[in-house]
Amino acid sequence: MIKNGRANFGSKLGIILASAGSAVGLGNIWRFPYETGNYGGAAFIFIYLGCVLVLGLPIMIGEFLIGRRSRANTAGAYQILAPGTQWKWVGRMGVLAGFMILSFYSVVAGWTLEYVFEAIGNGFAGKTPDEFVNSFQSFSGNPWKPVIWLVLFLLSTHFIIVRGVEKGIEKFSKIMMPMLFVLILILVGCSVSLPGASKGIEFLLKPDFSKVDSNVILAAMGQAFFSLSLGMGCLCTYASYFNKDVNLTRTAFSVGIIDTFIAILAGFIIFPAAFSVGIEPDAGPSLIFITLPNVFQQAFSGAPWLAYIFSVLFYVLLAVAALTSTISMHEVVTAYLHEEFKLSRKRAAWMVTGGCIFFGILCSLSLGVGKGFTLFGLGMFDLFDFVTAKIMLPLGGMLIAIFVGWYLDKKIVWEEITNNGTLKVYAYKTIIFILKYIAPIAIAIVFINELGFI
Ligand code: PFF
C-alpha cells in the first residue's frame, strides 16, 4: 500500500507482527539465555523484566511517536521534528548502531543456517553432549564455513529489503511468527520433563540478589534494549510506515509482551536442558547451539523421527526469526541512505549489505583464527556486541526519552499518543512522567555507576 509516496503496512495485525518480528529474534532465543547464564539467572531476569516495563515500553512509545509523526527514516525524523538542531545525531548514532549490530548478528544468524542443514542431514543423531560441544567449537572456529553462511544470510536479507516493505516483511512475519511460538511451547514441555531439569527451573526462578552488581544491571538493561529493538530508531523507522489510526500504546504493549514471553520461554527450554545434560549455564554465545540438539535427542529418544522433524523445524524457524530482525536493521540503514543521500533504494541496500559482509567477516574471524586481535581486551565480535547493546542502545534510549519528554511540543506528543484525542490512554501521565524523569535518570545512574563514579 503506497500513501503519500511512502510505503505503508497493510493491516494492524501486520504492524504488530512486523514490529514483533523485529523484536523477536536471536536476542530472545540466543542472547537472552546466555546473558541470563552469564549474570547468574533469576536475579538478572527480574531486573530485565523491570527494565522492559519501566524503560522499554515508554521508550518504545516514544520511538513510535517520532517515526509516525515525521514519516521519515530515523535521522531524517529528527531533522523534521527538530530542524536546525543537533538532535539528528541521535538518529545517526542509531543508524551506526544498526549497521554494527547487523554485522555481528549475521554471524550468529549464519550459524543457524549451518544447524538447519546439520538437522536436515540428521547430523545430530546419536551424538553425546561432549560431541555437540566439540562440533560447535570446530565449526565456529573454521575460517570458511561460518563466513559462507553469513554472506548467504545477508544476501537473503538484502533481497527481501529490495522487494519493499509490505510484500517482504509482512508476508514473512504473518506465517512464521505464530509457528515459532507453537514450537517453542512444545520444546518447553520437552525440556522441563528431562531428568534433572528442576535445577534449571530453580536457576530461572530463585533469585540471588546478593550477586547483583552494576555489571548485572547494565547487562539486563542492554539486553532489554537489544531484545525490544530499541534505542537505534528501528521501531521509529517501522512506525514511519504506520497508519494514523494505529494505537501506539497498545502496539508497544503487544510487542513488549510477545517479546518478553518468548525470551522467558527460551530460558525455560535452555536451562532445564543444560542442567539435565551437564552443560554449564555460563557457556556464553555457544549455549543454545550446544544445548538444544541435546533436547531433541534426549526428549525424543523413543521416536527419532520426531527428533528429526522438531530439530529441522526449530532451526528453520530460528533462522526466520533472525531474518525478520535482520530485515528491520537493514531497513534502518537502507532507508537512511536512500532518503538522506538520495541514492536509489537498490543501491543503498547494496551498500549496507556489502559493508555488513565486510565487518561481519571480521566479526566471524575474531572468534576463530583472529582470536589474538583485540581492542580493549575484546575481539571484534564481542566489541561490537558490547558497544552497541551496552552503550549505544541505552544511550539512544535515554536521548529519545529526553527528546519526547522535554524537547518535543506537548501537543504533538498528545496528538500522537491519543490519535488526536480519539483514544483514551489511561497510562498517559505515567508514560510522560517516565520519559521525562525516570528513564533519563535511571539510565544515567547505570552509566555513571558502571564508569565507577559511584
Ligand atoms: N531485537 C532483535 C532480537 O532480539 O533478536 C535484535 C535487534 C533488531 C536489535 C533490531 C536492534 C534492532 F534495531
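Quick note: the sequence shown uses the numbering used here, first residue 1121, plus one each step.
Note that CB positions come from ideal geometry on N, CA and C, so glycine has one too.
Apart from sequence neighbours up to five positions away, the residues of its chain that approach E1234 with a beta-carbon distance below 8 Å are F1259, K1265, P1266 and W1269, ordered along the chain.
One thing to note: V1336 has its Cβ within 8 Å of the Cβ of I1167. In its chain, beyond the 5 residues on either side, no residue has a beta carbon closer than 7 Å to the beta carbon of I1295.
Cβ atoms of S1431 and F1237 stay farther apart than 8 Å, at about 11 Å. Proximity to I1481 across G1161, K1208, V1227 and V1397 peaks at V1227, based on C-alpha coordinates. Within 7 Å of the C-beta of L1146 there is at least one heavy atom belonging to the ligand PFF. For D1505, the uninterrupted alpha helix (DSSP H) segment begins and ends at M1500 to D1505.
Residue pairing for L1495: DSSP places it in a beta bridge opposite L1498. Per DSSP, reduced to three states, the secondary structure at P1249 is helical. Relative to the ligand PFF, C1354 has its C-beta within less than 7 Å of a heavy atom.
Here the C-alpha atom of F1478 lies approximately 44 Å from the C-alpha atom of K1531. Separation of T1232 and A1442 (C-alpha to C-alpha, rounded to the nearest whole angstrom) is 9 Å. Its chain contains F1506 as the residues whose beta carbon lies nearer than 8 Å to that of L1498, once the 5 sequence neighbours on both sides are disregarded; these appear in chain order. The beta carbon of A1455 lies closer than 7 Å to those of N1193 and T1357 in the same chain, with the five residues before and after it left out.
Contact check between the region 1378-1390 and the region 1145-1153: three or more CB pairs, one atom from each, fall below 8 Å, which counts as touching. Around F1329, the same chain offers A1163 as residues with beta carbons nearer than 6 Å, after the five sequence neighbours per side are excluded. In summary, K1510 is buried, with 16 or more beta-carbon neighbours lying within 10 Å of its beta-carbon over all protein chains present. Fewer than three Cβ pairs drawn from the region 1394-1408 and the region 1333-1349 lie within less than 8 Å of each other, which leaves the two stretches out of contact. The C-beta separation of I1181 from L1368 comes to about 5 Å, placing the pair in contact by the 8 Å criterion.
Sequence-distant Cβ neighbours of F1252 in its own chain, meaning closer than 7 Å and more than five residues away, are I1410, P1413 and N1414.
By the beta-carbon neighbour count (other beta carbons within 10 angstroms, threshold 16), A1423 is exposed. If you draw a straight line from the Cα of F1373 to the Cα of I1221, it is about 24 Å long.
One alpha carbon belongs to A1239, the other to P1315, and they sit about 24 Å apart. The Cβ atoms of L1555 and G1525 lie closer than 8 Å to each other. A distance below 7 Å between beta-carbons, with the five flanking residues on each side excluded, links A1383 to the following residues of its chain, in chain order: N1148, F1152 and S1347.
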